[in-house]
Ligand SMILES: *[C@@H]1O[C@H](CO)[C@@H](O)[C@H](O)[C@H]1NC(C)=O
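In mature numbering (1 follows the signal peptide of the UniProt record, and there is no 0), the protein residues as written are -28 to -1, 1 to 339.
Here it is, written out as structure tokens:
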């Protein structure tokens, strides 16, 4: 009996291992790294190392995050965090973190910076930040050379980057912290539609530059309905607690121009695949049907105080944090909750085509 067990045990064990690893391999997508460009929706703490008013490296931010308060404007993980975990890459290191060098850059780097936008001037009232152009310069001048030194001999930089995901979420701040801020000069130069065209032209140039540096698989988010952030409602909608439709119209029009840009880039750049992640569509759907997604509150910040918890911003000094955080679409007056980020990231990764266009992230990486 004893003999029998000891003979069979290794075999069974071996078979189990075989089945487990086989399943894991089937589920894993072929992706080497993820490079992230964006704003506070996906900033992992880059502004901690800049002279910026837009930084969040203190509680209650990070209250539900594995690493505590890191500079993420969220109780938990951002969309970039949920996605990179779904891809099996773990958390992607922040560009300005001093330890993001050497072999630490091989799973990718996150350049996203709060208050930043496609334009250099966007977010200026908040102090220093990495505009999209500065994020691309950081990739080209600082990260790529380290990457090439550490990549090993089995693969080429070209091959490695072609199997990496380039995720960009930009554009909201070009309205919120530029166009509609009275401190900005931009409104004097452009009508809203002309400004949107200008933004998409700049964005096109920037994405082509990433392509020229070796990027091939792109995930580009649309512009979320920023008229629904509690801060915008409190600031601009004095009669009720509904989304500010004037702002949502701006977001929607820019969103459709970004989608057209993605279609154009897919035609124009050979060997590249651009995927459009329609955050506007998903966020509107969730705000219109909260209970379908497990939410109760769509226009009240979980952290903050005053009307819609959005008069006093979410800082160490604001005592109120809701206990039932997963029931809130918005964590603070500007940024969605971990629960929201988890749901939409899963949809982008493996969901249907109303969320992403023309395929989902999993399919993009299997191309
Ligand atoms: C940002 O500034 C750099 C350096 O001055 C310039 O080359 C670039 O064109 C500017 N980008 C935008 C979007 O204006």
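Glycine included, C-beta positions come from ideal geometry on N, C-alpha and C.
Predicted model only: the values in this text are computed from it and were never measured.
Q. What is the DSSP secondary structure of residue 331, counted as helix, strand or coil?
A. As a working note, residue 331 is residue 359 in the chain shown. Three-state result, residue 331: coil.
Q) Among residues of its own chain, excluding the 5 on either side of residue -5, which ones have a beta-carbon nearer than 8 Å to its beta-carbon? A) As a position in the chain shown, residue -5 is number 24, starting the count at 1. At residue -5, the pLDDT of 43 sits below 50, so the modelled position is not reliable; the number obtained from the coordinates is stated separately. Same-chain partners within the cutoff: there are none.
Q | Proximity winner among 189, 150, 79 and 50, relative to residue 242 (alpha-carbon distances) | A | As a first step, residue 242 must be located in the chain shown, where it is residue number 270. The shortest C-alpha separation from residue 242 is found at 189.
(Q) Quick check on residue 125: buried or exposed, where buried means 16 or more other Cβ atoms within 10 Å of its Cβ? (A) Walking along the chain shown from the start, residue 125 turns up at place 153. Looking at its Cβ environment, which holds fewer than 16 other Cβ atoms inside 10 Å, residue 125 is exposed.
Q: Tell me, to the nearest whole angstrom, how far the beta carbon of residue 195 is from that of residue 234; I am working on the premise that it is less than 8 Å.
A: Looking up residue 195 in the chain shown gives position 223. Looking up residue 234 in the chain shown gives position 262. Contact flag wrong, Cβ pair sits at about 12 Å.
Q) How is the beta strand (DSSP E) around residue 205 delimited, first residue to last? A) Taking the chain shown and counting its residues from 1, one reaches residue 205 at position 233. Counting along the chain, residue 205 falls outside any beta strand (DSSP E), though it belongs to the alpha helix (DSSP H) covering 202 to 208.
Q.
Taking its Cβ as the centre, do 16 or more other Cβ atoms sit within 10 Å of residue 42, making it buried, or is it exposed?
A. One-based indexing of the chain shown puts residue 42 at position 70. Label assigned to residue 42: buried.
Q.
Please list the terminal residues of the continuous alpha helix (DSSP H) segment that includes residue 217.
A. Here residue 217 is taken as the residue at index 245 of the chain shown, counted from 1. Looking at the DSSP string, the run of the alpha helix (DSSP H) that includes residue 217 is 217 to 240.
(Q) Let me make sure I understand the geometry here. Which of 135, 142 and 136 has the alpha-carbon closest to that of residue 107? (A) Here residue 107 refers to the residue found at position 135 when the chain shown is read from its first residue. If we check each option's Cα against that of residue 107, 142 comes out closest.
Q. Which term fits residue 327, buried or exposed, when burial requires 16 or more other beta carbons within 10 angstroms of its beta carbon?
A. Against the chain shown, residue 327 aligns to sequence position 355. The residue is buried, with at least 16 neighbouring Cβ atoms inside 10 Å.
Q.
Could you tell me the alpha carbon to alpha carbon distance between residue 61 and residue 132, rounded to whole angstroms?
A. Indexing the chain shown from 1 puts residue 61 at position 89. Indexing the chain shown from 1 puts residue 132 at position 160. Computed Cα separation, rounded: 14 Å.
Q: Would you kindly report the start and end of the unbroken alpha helix (DSSP H) that includes residue 10?
A: The sequence position of residue 10 within the chain shown is 38, counting from 1. Not the alpha helix (DSSP H): residue 10 falls in the beta strand (DSSP E), residues 6 to 10.
Q. How big is the Cα-Cα spacing for residue 250 and residue 228?
A. Taking the first residue of the chain shown as position 1, residue 250 is located at position 278. Taking the first residue of the chain shown as position 1, residue 228 is located at position 256. Going by the C-alpha atoms only, they are around 9 Å apart.
Q. Between residue 19 and residue 45, what straight-line distance do the alpha-carbon atoms span, to the nearest angstrom?
A. Reading the chain shown from its first residue, position 47 is the one you call residue 19. Reading the chain shown from its first residue, position 73 is the one you call residue 45. Residue 19 and residue 45: Cα-Cα distance of roughly 11 Å.
Q) For residue 192, which three-state DSSP category applies? A) Walking along the chain shown from the start, residue 192 turns up at place 220. Three-state result, residue 192: strand.
Q) Are the beta-carbon atoms of residue 340 and residue 83 separated by less than 8 Å? A) Given a span of -28 to 339 for the chain in the structure shown, any question on residue 340 remains unanswerable.
(Q) In whole angstroms, give me the CA-to-CA distance for residue 283 and residue 16. (A) Here the question's residue 283 lines up with position 311 in the chain shown. Here the question's residue 16 lines up with position 44 in the chain shown. Going from the Cα of residue 283 to the Cα of residue 16 covers about 25 Å.
(Q) Assuming the contact rule is C-beta atoms closer than 8 Å, residue 280 and residue 206 should be a hit. Round their C-beta distance to whole Å, please. (A) Indexing the chain shown from 1 puts residue 280 at position 308. Indexing the chain shown from 1 puts residue 206 at position 234. Right, the Cβ-Cβ distance comes to about 5 Å (below 8 Å), so this counts as a contact.
Q. In terms of alpha-carbon separation, which member of 268, 199 and 192 lies closest to residue 331?
A. As a first step, residue 331 is located in the chain shown; it is residue number 359 there, counting from the start. Nearest option by C-alpha distance: 192.
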